[in-house]
Amino acid sequence: MDPKIAAFRALHEKGCFVLPNPWDPGSAVYLEHLGFKALATTSAGFAFSQALPDAGVPLERMLRHLEEMAAATRVPVNADFQAGYADDPEGVARNVARCVGTGVAGLSIEDSTSAGGLYERGLAIDRIRAARAATGDVVLTARCEAFLLGVPDAARIVLDRLPAFAEAGADCLYAPGVRDPETIAAIVKAVAPRPVNMLVGSPGLTVAQLAALGVRRISVGGALARAAWGGFVRAAREIAAQGTFGGFADATPFSELEKLFSALTAA
540 MDPKIAAFRA LHEKGCFVLP NPWDPGSAVY LEHLGFKALA TTSAGFAFSQ ALPDAGVPLE
600 RMLRHLEEMA AATRVPVNAD FQAGYADDPE GVARNVARCV GTGVAGLSIE DSTSAGGLYE
660 RGLAIDRIRA ARAATGDVVL TARCEAFLLG VPDAARIVLD RLPAFAEAGA DCLYAPGVRD
720 PETIAAIVKA VAPRPVNMLV GSPGLTVAQL AALGVRRISV GGALARAAWG GFVRAAREIA
780 AQGTFGGFAD ATPFSELEKL FSALTAA
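Per my numbering, the very first residue in the sequence shown carries number 540; after that it's consecutive.
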């Protein structure tokens, strides 16, 4: 087994770890520098950097991005592969195989359609089964988007689909948009012993609190990218509106970034 895949699988076996989401090689390298043991791409964060909406990055460009991200660091990288760039299971399997070929250690597949709804239950399960057949040893995360899309009776749908996705071969289960501890605990129980990923995109439950609920993995989606955009937008707006440069006060020093990236170049 590839060492990065083996390391990524081991992280899911016990405890709770944070899987932060860089959007380019520089942010990936910095997160590795901080000691994070694995990283995950963010479709939204990358799309915004390309002046595209989330889900607006074409397949070929996404595959190039994933290859670049997987090569940028020594730690495992999980791919946000959205809905697999196909509706039918055969198309999902074909694209997932290409995703695996980029060197990622894991990938996630959603059950949401391009029209903004959910795939029919049976088709959603077949899509995960097809992805499993195409991933080999790579960690497969199956996502149910019911909460994120505001689907009525979302909790019931999530608690029905995630165990079915686990039976179809998913290694890790994920329902972005869940916030209340009771539902989080119910999801953990429903898919046990498979690990659960929890998305944190705003202040709320802490790592310790989520770990106590049984969550094994915590990702942040596009939140770090949006935080970076926040600093940029505030500084740029101040310049445009006031002609002042106070927004630069909290900028990361040039010397810090230059030292980090120069060391990589010399290695």
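For each residue, glycine too, the CB sits at the ideal point set by N, CA and C. Predicted model, so just to flag it, every value in this text is computed and none were measured.
Exposure of Val772, with buried meaning 16 or more beta-carbon neighbours within 10 Å
On the sequence shown, position 233 is the one that residue 772 refers to. The residue in question, Val772, is exposed, as its Cβ has fewer than 16 Cβ neighbours within 10 Å.
Counting only the same chain and skipping the five closest in sequence on each side, list residues whose C-beta sits under 8 Å from that of Asp593.
Position 54 of the sequence shown, counted from the start, is the residue given in the question as residue 593. Taken in chain order, the residues that qualify are Ser582, Ala583, Ala586, Phe587, Gly761.
Within the stretch 665 to 695, note down every full alpha helix (DSSP H) run reaching 4 residues or more, in order along the chain.
685 to 688
Taking the straight line between their C-alpha atoms, what separation do you get for Pro628 and Asn634?
By 1-based counting over the sequence shown, the position of residue 628 is 89. By 1-based counting over the sequence shown, the position of residue 634 is 95. The straight-line gap from Cα to Cα measures roughly 10 Å.
Where the beta strand (DSSP E) through Ala618 begins and ends
Reading the sequence shown from its first residue, position 79 is the one you call residue 618. 616 to 619 is the span of the beta strand (DSSP E), which, as asked, contains Ala618.
Please name the residue in Val717, Arg682, Val678, Asp676 whose C-alpha comes closest to that of Arg666.
Here residue 666 refers to the residue found at position 127 of the sequence shown. It is Arg682.
Nearest-angstrom Cβ-Cβ length linking Arg613 and Glu571, presumed shorter than 8 Å
Taking the sequence shown and counting its residues from 1, one reaches residue 613 at position 74. Taking the sequence shown and counting its residues from 1, one reaches residue 571 at position 32. Rounded, the Cβ-Cβ distance is 7 Å, consistent with contact.
So what's Cys711 in DSSP terms, helix, strand or just coil?
As a first step, residue 711 must be located in the sequence shown, where it is residue number 172. Looking at Cys711 - three-state DSSP - the assignment turns out to be strand.
According to the neighbour-count rule (16 or more other Cβ atoms, all chains shown, within 10 Å of its Cβ), is Asp719 buried or exposed?
In the sequence shown, residue 719 corresponds to position 180, counting from 1. Its Cβ having fewer than 16 others within 10 Å, Asp719 is exposed.
Beta-carbon within less than 7 Å of Leu550's beta-carbon, same chain only, minus the 5 sequence neighbours each way: which residues are those?
If you number the sequence shown from 1, residue 550 lands on position 11. Phe556, Lys576, Ala577.
In angstroms with no decimal places, state the Cα-to-Cα distance between Lys553 and Gly689.
Indexing the sequence shown from 1 puts residue 553 at position 14. Indexing the sequence shown from 1 puts residue 689 at position 150. When rounded, the distance between both Cα atoms is 31 Å.
Are the beta-carbon atoms of Leu679 and Gly642 separated by less than 9 Å?
Along the sequence shown, one-based indexing puts residue 679 at 140. Along the sequence shown, one-based indexing puts residue 642 at 103. For Leu679 and Gly642, no; Cβs fall outside 9 Å.
Option nearest Gly565 by Cα separation, candidates Tyr624, Met608, Arg776:
Position 26 of the sequence shown holds residue 565. Closest by alpha carbon: Met608.
Do the stretch 710 to 724 and the stretch 769 to 787 touch if we need at least three Cβ pairs shorter than 8 Å?
no
Hey, how far is the Cα of Ser651 from the Cα of Ile696?
As a working mapping, residue 651 is identified with position 112 in the sequence shown. As a working mapping, residue 696 is identified with position 157 in the sequence shown. Approximately 13 Å between the Cα atoms of the pair.
Extent of the continuous beta strand (DSSP E) run through Met737
Start at 1 with the first residue of the sequence shown, and residue 737 comes out as number 198. Its beta strand (DSSP E) spans residues 735 to 738.
Would you report the Cα separation of Ile664 and Arg700, rounded to the nearest angstrom?
On the sequence shown, position 125 is the one that residue 664 refers to. On the sequence shown, position 161 is the one that residue 700 refers to. C-alpha separation (whole angstroms): 8 Å.
As assigned by DSSP and simplified to three states, the class of Arg718:
Within the sequence shown, residue 718 is the residue found at index 179, counting from 1. In this structure, Arg718 counts as coil in the three-state DSSP scheme.
Which residues does DSSP list as the beta-bridge partners of Gly645?
Here residue 645 refers to the residue found at position 106 when the sequence shown is read from its first residue. Gly645 pairs with Asn617, Val678.
I think Val677 touches Gly645, with their Cβ atoms under 8 Å apart; what is that distance to the nearest whole Å?
If you number the sequence shown from 1, residue 677 lands on position 138. If you number the sequence shown from 1, residue 645 lands on position 106. Between Gly645 and Val677 the Cβ distance is about 6 Å, and since that is below 8 Å, they are a contact.
Spatial neighbours of Gly708 within its chain, please: CB distance less than 7 Å, with the 5 preceding and 5 following residues excluded, ordered by chain position.
By one-based count along the sequence shown, residue 708 stands at place 169. Closer than 7 Å at Cβ, skipping near neighbours: Ile667, Arg668, Arg671, Leu679.
Verify whether the separation of the beta carbon atoms of Tyr569 and Leu799 is less than 9 Å.
Working through the sequence shown from its first residue, we reach residue 569 at position 30. Working through the sequence shown from its first residue, we reach residue 799 at position 260. Yes; because the gap between Cβ atoms is below 9 Å, this pair is in contact.
Comparing alpha-carbon positions, which option in Tyr658, Val639, Gln621 lies nearest Ile807?
For the chain, the structure presents residues 540 to 806; residue 807 sits outside this window and is missing.
Does the separation of the CB atoms of Leu712 and Ala685 fall below 9 Å?
In the sequence shown, residue 712 corresponds to position 173, counting from 1. In the sequence shown, residue 685 corresponds to position 146, counting from 1. Against a cut-off of 9 Å, the Cβ pair of Ala685 and Leu712 comes out as no contact.
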